[in-house]
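Everything below concerns the one structure shown next.
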Amino acid sequence: MDLITEIATFVGFALVSVASIVAVMNPASTVAVYTALTEGMSGSERTRVIRTSMEIAFIVLAFFALTGQLIFTIFNITVPAFQIAGGILLVSVATGMLGTKGEIYSSANEHIAVVPLAFPLSCGPGTITTVILLASGPEGLYGLVAVFLGIIVALGISYVGMLYGPRIFSLIGEGGLRVVPKLMAIIVLAIAIQFIINGIAAAMPQFLANLDLSGVI
Numbered sequence: 007m008d009l010i011t012e013i014a015t016f017v018g019f020a021l022v023s024v025a026s027i028v029a030v031m032n033p034a035s036t037v038a039v040y041t042a043l044t045e046g047m048s049g050s051e052r053t054r055v056i057r058t059s060m061e062i063a064f065i066v067l068a069f070f071a072l073t074g075q076l077i078f079t080i081f082n083i084t085v086p087a088f089q090i091a092g093g094i095l096l097v098s099v100a101t102g103m104l105g106t107k108g109e110i111y112s113s114a115n116e117h118i119a120v121v122p123l124a125f126p127l128s129c130g131p132g133t134i135t136t137v138i139l140l141a142s143g144p145e146g147l148y149g150l151v152a153v154f155l156g157i158i159v160a161l162g163i164s165y166v167g168m169l170y171g172p173r174i175f176s177l178i179g180e181g182g183l184r185v186v187p188k189l190m191a192i193i194v195l196a197i198a199i200q201f202i203i204n205g206i207a208a209a210m211p212q213f214l215a216n217l218d219l220s221g222v223i
């Protein structure tokens with residue numbers, strides 16, 4: 007394989023990796039949830055939350071890109087189980103957002119950088135699975151570099167979006183700011199339910215295959 011072909015192959019796979027990871031990660035949803043959960047925080051607190059969540063997400067995605075397939079095999083974890091777990095986590099986040107004043111997400115509580123901003127929004131089951139599948143392809147080192155490029159681009163979009171998201175949302179006025187957090191909570195809840203549905207749907211064929219239907223009939 008000559009140099010031109012190698013470069014073309016790398017660029018093609020890099021574009022696929024970037025597009026896939028960005029699409030699955032869906033930075034827009036992360037920005038919306040971040041804006042709702044950090045209402046009332048100071049600028050420095052928001053910046054710290056953004057930086058922490060992005061650092062955690064990068065470390066997790068890099069870890070799974072390098073060792074994900076091995077980890078899943080060792081612990082016998084299936085992708086559907088991971089999807090269901092992520093969905094359950096998001097359900098708890100959404101119910102907290104729907105509270106009267108969102109006490110569990112007060113300005114003093116920076117754990118939102120971990121849950122839900124890092125996981126499961128920035129590095130959720132879908133994103134981790136996508137990273138693992140892309141990294142385990144036949145492209146070798148070039149493929150791994152392309153996957154890391156996709157991770158950096160996707161997280162970069164989330165970072166910029168969270169950095170300027172509150173300014174954009176502030177344009178809708180005080181009345182809008184009262185509605186947006188509740189609306190975002192409904193969206194997060196819908197995402198959570200979809201995670202769970204996808205996990206159950208993916209696990210169902212294997213579950214049915216393991217049933218001894220002959221004993222039932």
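Take the position in the sequence shown, starting the count at 1, then add 6; the result is the number in this note's numbering.
Just so it is clear, CB atoms sit at the ideal spot from N, CA and C, and this is done for glycine as well.
Shown here for Phe-70: same chain residues with a beta carbon closer than 6 Å to its own, the five before and five after excluded, namely Ile-134, Val-137 and Ile-138 in chain order.
Separation of the CB atoms of Val-66 and Cys-129 is rounded to 4 Å, and the pair is thereby assigned contact status at 8 Å.
Distance from the CA of Gly-102 to the CA of Gln-75, rounded to the nearest whole angstrom, comes to 33 Å.
When secondary structure is reduced to three states using DSSP, Met-210 falls in the helix class. If one requires a minimum length of 4 residues, the alpha helix (DSSP H) runs lying completely within the segment 124-182 are 131-141 and 146-176, in chain order.
DSSP places Glu-51 in the uninterrupted alpha helix (DSSP H) bounded by 49-80. Annotated three-state conformation of Thr-15 is helix, per DSSP. Nearest C-alpha to Leu-177 among Leu-72, Thr-41 and Ala-196: Thr-41.
DSSP places Thr-36 inside the alpha helix (DSSP H), whose first and last residues are 33-43. Ranked by Cα distance from Phe-213, the options Ala-87, Pro-122 and Val-121 are led by Ala-87. Under the three-state reduction of DSSP, Ile-193 is assigned to helix.
The beta carbons of Leu-96 and Val-194 sit closer together than 8 Å.
Cα atoms of Phe-78 and Gly-92: separation of roughly 15 Å, rounded to the nearest angstrom.
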